[in-house]
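Accompanying notes for the structure given below.
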Amino acid sequence: MTEFFQQLINGLSLGAMYALLALGYTLVYGVLRFINFAHSDVFMVGAFAGLYVGRSFHNSSVGNGILIKLLSMLLCAVLGIIIERFAYRPLRQRSKLTVLITAIGVSLLLENAGQLVFGANPQAFPQVFPAQQFTKGDLIISSKDIVVLGVTITLVALLQFIVLKTKIGTAMRAVSFNAPAASLMGININIIISFTFGLGSALAAAAGILWGYKFPKIDPLMGIAPGLTAFVAAVLGGIGNIPGAALGGLLIGVIETFVRGSRWSTWTEAIAFVLLIAMLLFRPAGLLGKLQPEKV
Amino acid sequence: MFLSRPRTCLLVAIAISVVSGAIQHHIDPYFVDVLTSIGINITLAVSLNLINGYAGQFSLGHAGFMAVGAYTSAALTMFLGPKLFPSAAPTVVTMVWFLFALLAGGCVAALAGLFVGTPSLRLRGDYLAIVTLGFGQIIAVIFRNIEGLGGALGLNGIPANTNLFWVFGAAALTTYVVTTMVNSTYGRGFLATHDDEVAAQAMGIDTTRCKVIAFVVGAFFAGIAGGLYGHFTLTINPKGFDFTRSIEIVVMVIVGGMGNTTGVIIAATLLTLLPEGLRTLAGMDIPLPGREPLSLRWIGELRPLLYSILLISLMLLRPQGLFTWRSRRVKLKAT
Numbered sequence: 000m001t002e003f004f005q006q007l008i009n010g011l012s013l014g015a016m017y018a019l020l021a022l023g024y025t026l027v028y029g030v031l032r033f034i035n036f037a038h039s040d041v042f043m044v045g046a047f048a049g050l051y052v053g054r055s056f057h058n059s060s061v062g063n064g065i066l067i068k069l070l071s072m073l074l075c076a077v078l079g080i081i082i083e084r085f086a087y088r089p090l091r092q093r094s095k096l097t098v099l100i101t102a103i104g105v106s107l108l109l110e111n112a113g114q115l116v117f118g119a120n121p122q123a124f125p126q127v128f129p130a131q132q133f134t135k136g137d138l139i140i141s142s143k144d145i146v147v148l149g150v151t152i153t154l155v156a157l158l159q160f161i162v163l164k165t166k167i168g169t170a171m172r173a174v175s176f177n178a179p180a181a182s183l184m185g186i187n188i189n190i191i192i193s194f195t196f197g198l199g200s201a202l203a204a205a206a207g208i209l210w211g212y213k214f215p216k217i218d219p220l221m222g223i224a225p226g227l228t229a230f231v232a233a234v235l236g237g238i239g240n241i242p243g244a245a246l247g248g249l250l251i252g253v254i255e256t257f258v259r260g261s262r263w264s265t266w267t268e269a270i271a272f273v274l275l276i277a278m279l280l281f282r283p284a285g286l287l288g289k290l291q292p293e294k295v
Numbered sequence: 000m001f002l003s004r005p006r007t008c009l010l011v012a013i014a015i016s017v018v019s020g021a022i023q024h025h026i027d028p029y030f031v032d033v034l035t036s037i038g039i040n041i042t043l044a045v046s047l048n049l050i051n052g053y054a055g056q057f058s059l060g061h062a063g064f065m066a067v068g069a070y071t072s073a074a075l076t077m078f079l080g081p082k083l084f085p086s087a088a089p090t091v092v093t094m095v096w097f098l099f100a101l102l103a104g105g106c107v108a109a110l111a112g113l114f115v116g117t118p119s120l121r122l123r124g125d126y127l128a129i130v131t132l133g134f135g136q137i138i139a140v141i142f143r144n145i146e147g148l149g150g151a152l153g154l155n156g157i158p159a160n161t162n163l164f165w166v167f168g169a170a171a172l173t174t175y176v177v178t179t180m181v182n183s184t185y186g187r188g189f190l191a192t193h194d195d196e197v198a199a200q201a202m203g204i205d206t207t208r209c210k211v212i213a214f215v216v217g218a219f220f221a222g223i224a225g226g227l228y229g230h231f232t233l234t235i236n237p238k239g240f241d242f243t244r245s246i247e248i249v250v251m252v253i254v255g256g257m258g259n260t261t262g263v264i265i266a267a268t269l270l271t272l273l274p275e276g277l278r279t280l281a282g283m284d285i286p287l288p289g290r291e292p293l294s295l296r297w298i299g300e301l302r303p304l305l306y307s308i309l310l311i312s313l314m315l316l317r318p319q320g321l322f323t324w325r326s327r328r329v330k331l332k333a334t
């Protein structure tokens, strides 16, 4: 039983990071209806931003940790906005396939540039938050898991607040619902899309730092696997649906962790995709999504 | 274009492949290697072009089909072959067995294509891309878990059966089949599916069937290319057929122009030559009078960047591909 709870905690903290990443996919899909392949590499850049900013702070305290986090999130938000402005915006009227291929290109560009700039070897991530272990009976709870879950819950709550309660969030939902109509109502679509990219990229950076904090080695290709899994999480929850992405992330994190702990551990990497294919076959709209018939 | 007379082209290409196979031993081995890579890449790119270009689907899992073909044919020539023909089999037997292994690899890959295609082709656009990507990933995990096929280490010591004859023969056959197929009455359905799926359905075309057939045929030739690749590099492992490999093939199709076989052949050739050329360039030093020679080593380091920049700038500036001049069929749907 202890082992079960231990795995559950590990799974939830892995899932929380997937959830943060999945939110970025879902947000962008919500307004632009395309898969931002480069998102997983913004996550990588976020982790490296955390690494370089973190190295300039010598002692680790909660305050410093939050500062490092906010700085990296800001950096990645800017990066996301730049990517959208120069790679995706010129293609907005073109076919989705063109945008998808461009996104793959941007993803490769970030990975290769990352290998040139940061070096291809894994680097140790600095201790941005103080770490400690709590034991309760046989159960070991690391403060890392608490930080990961705490940060994720805070950010998801904040995101829900922005999307549901603020003016810009209302505008985001309007653009997602019907972009031309929203633009007729006086919403500047370009600003909303930039904002969405910034928001999603900031969340990716947050996930990247948590990833580095939890699994202390990072490298320029670290984003690929978690990125794909997080995308699957977003589809699982119903793409375009914020609580769905969070739920999907947690679910996949927990399932992956349990499989990794079982004797089928070598199959872990295939799990997400098996889930994805099953999901698309039986419930293509996702767990919390609504199926929209395609209009001709 | 020259592909307007496919049968003549096929005969000429096969004649070329016979001749090149015969004189292979008199050519510099480095050139033979480069030519072999070109032939394999043409087979891969042309077969992917059937799926991504003509049928208008977007597959990111071509390397997965390639892996299936490579493993199947390698298993046949490595494990089953020696048992059937014990020692010192004549060359003819080896060649026939190799042909059989290649075809078997292609068929198993086609089956895999059917298996993936049937459920997932009900999906569209980016979902399909992700499912095929996931399929490629799953294939790699499956091969990693089969101990009999070497697990994560892969297979080593595959017999070196691939030569220029097989490679160019396969490339010619792929091109012939894809071209004639697309130009047949039946193949018009692919183009219709690509241009407007709803309208095609309204005209009574079974679009799902068209897509599945495109997928199966594309996978078959990818499997054959995989077999050739395995018997060329003599060692295969699951890592060699990952996402990056699929992307390489996709880039060839995009650079050549989706739905433009001639362009794709040119692109596959150039993109195989490009790294070789850059490697030579990176090894050169430009002598400057009175100063240290200018080293070009940075070109080698920037090579991976070049691919991504090429991809992005093509999409922004010339989405119909570099080698598509006529805009008859290439108008990308603005949805």
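Protein sequence lines correspond, in order, to chains A and B. Under numbering that gives the first Met the number 0, read the first sequence as residues 0 to 295, first letter to last. Under numbering that gives the first Met the number 0, read the second sequence as residues 0 to 334, first letter to last. Here a beta-carbon is modelled for each residue, glycine too, at the ideal position from N, C-alpha and C.
Chain-ordered neighbours of residue i on chain A, where CB pairs are closer than 7 Å
i               : result
E146 of chain B : None at all; the shortest Cβ gap to chain A is about 10 Å.
D125 of chain B : F33, I34, K95, L99
R143 of chain B : T265
P318 of chain B : R93, T97
Neighbour list for residue i in chain A, Cβ cutoff strictly below 8 Å
i               : result
I253 of chain B : I100
A57 of chain B  : For the record, residue 57 of chain B in the displayed sequence is Phe; it is not Ala. Chain A residues near F57 of chain B: L96, L99.
R6 of chain B   : Neighbours of R6 of chain B on chain A: none; closest Cβ ~33 Å, over 8 Å.
P274 of chain B : Ordered by position in chain A, no residue passes the 8 Å Cβ test against P274 of chain B, which lies about 14 Å from the chain.
V140 of chain B : T265, W266, E268, A269
Q136 of chain B : L227, E268, A269, F272
A128 of chain B : I34, L99
Listed by chain order, chain A residues near residue i by CB distance under 9 Å
i               : result
V263 of chain B : Residues of chain A passing the Cβ test: none, with the nearest at roughly 15 Å.
G133 of chain B : L227, V231, A269, A271, F272, V273, L275, I276
Identity of the residue in the options nearest residue i by Cα
i               : options                        : result
F124 of chain A : A:K95, A:S71, A:R54, A:L157    : A:R54
I212 of chain B : B:V177, B:D241, B:G225         : B:V177
I192 of chain A : A:F85, A:S12, A:G45            : A:F85
E268 of chain A : B:I138, B:G116, B:L227         : B:I138
L202 of chain A : A:S94, A:N189, A:A46           : A:A46
K135 of chain A : A:S59, A:Y87, A:Q5, A:A204     : A:Q5
V107 of chain B : B:V17, B:V216, B:I13           : B:V216
F240 of chain B : B:I50, B:V11, B:L102, B:G135   : B:G135
Y306 of chain B : B:R244, B:F322, B:G258, B:L280 : B:R244
L198 of chain A : A:V30, A:S59, A:L11, A:N9      : A:V30
A44 of chain B  : B:H193, B:F231, B:E247         : B:E247
G49 of chain A  : A:F230, A:T25, A:I65           : A:I65
C8 of chain B   : B:L304, B:F231, B:T173, B:I235 : B:T173
G243 of chain A : A:E255, A:T256, A:A229, A:I254 : A:A229
CA-to-CA distance, residue j to residue i, given in whole angstroms
i               : j               : result
V250 of chain B : L313 of chain B : 10 Å
T1 of chain A   : L7 of chain A   : 10 Å
I140 of chain A : L154 of chain A : 22 Å
M278 of chain A : I80 of chain A  : 32 Å
F128 of chain A : L19 of chain A  : 18 Å
G149 of chain A : G149 of chain B : 43 Å
L59 of chain B  : S175 of chain A : 27 Å
K143 of chain A : P215 of chain A : 11 Å
L209 of chain A : N259 of chain B : 46 Å
T71 of chain B  : F99 of chain B  : 11 Å
T35 of chain B  : S19 of chain B  : 11 Å
Anticipated Cβ contact below 8 Å, residue i with residue j, distance rounded
i               : j               : result
P292 of chain B : I285 of chain B : 6 Å
V67 of chain B  : G225 of chain B : 7 Å
L249 of chain A : A76 of chain A  : Not really, about 24 Å apart at Cβ, beyond 8 Å.
I276 of chain A : V130 of chain B : 6 Å
F97 of chain B  : T76 of chain B  : 6 Å
T207 of chain B : A199 of chain B : Going by Cβ atoms, the distance from T207 of chain B to A199 of chain B rounds to 11 Å, so no, they are not a contact pair.
G104 of chain B : G222 of chain B : 5 Å
T39 of chain B  : L108 of chain A : In the sequence as presented, Thr is not what sits at residue 39 of chain B; that position holds Ile. Contact flag wrong, Cβ pair sits at about 26 Å.
L295 of chain B : L280 of chain B : 6 Å
Neighbouring residues, chain B, relative to residue i (Cβ below 7 Å)
i               : result
G104 of chain A : S307, L310, I311, M314
P89 of chain A  : L315
Contact set between residue i and chain B, taken where Cβ atoms lie within less than 8 Å
i               : result
N177 of chain A : Those do not exist, as N177 of chain A stays about 15 Å from chain B at its closest Cβ, beyond 8 Å.
N240 of chain A : Near N240 of chain A there are no residues of chain B at all, since even the closest Cβ is about 15 Å away, more than 8 Å.
Closer than 9 Å at the beta carbon, the chain B residues around residue i
i               : result
L287 of chain A : Within 9 Å Cβ-Cβ: nothing; L287 of chain A doesn't reach chain B, min ~17 Å.
If the cut-off is 7 Å on Cβ atoms, which residues from the stretch 282-306 of chain B count as contacting chain A, listed in chain order?
E300, P303, L304, Y306
Residues of the stretch 244-265 of chain A with Cβ closer than 8 Å to any Cβ of chain B, in chain order
T265
Pull out every residue of the stretch 116-139 of chain A whose Cβ sits closer than 7 Å to any Cβ of chain B, in chain order.
none
Where the stretch 176-194 of chain B meets chain A: residues whose CB sits under 9 Å from a CB there
none
Residues of the stretch 224-246 of chain B whose Cβ lies closer than 9 Å to any Cβ of chain A, in chain order
F242, T243, I246
Residues of the stretch 107-118 of chain B with Cβ closer than 8 Å to any Cβ of chain A, in chain order:
P118
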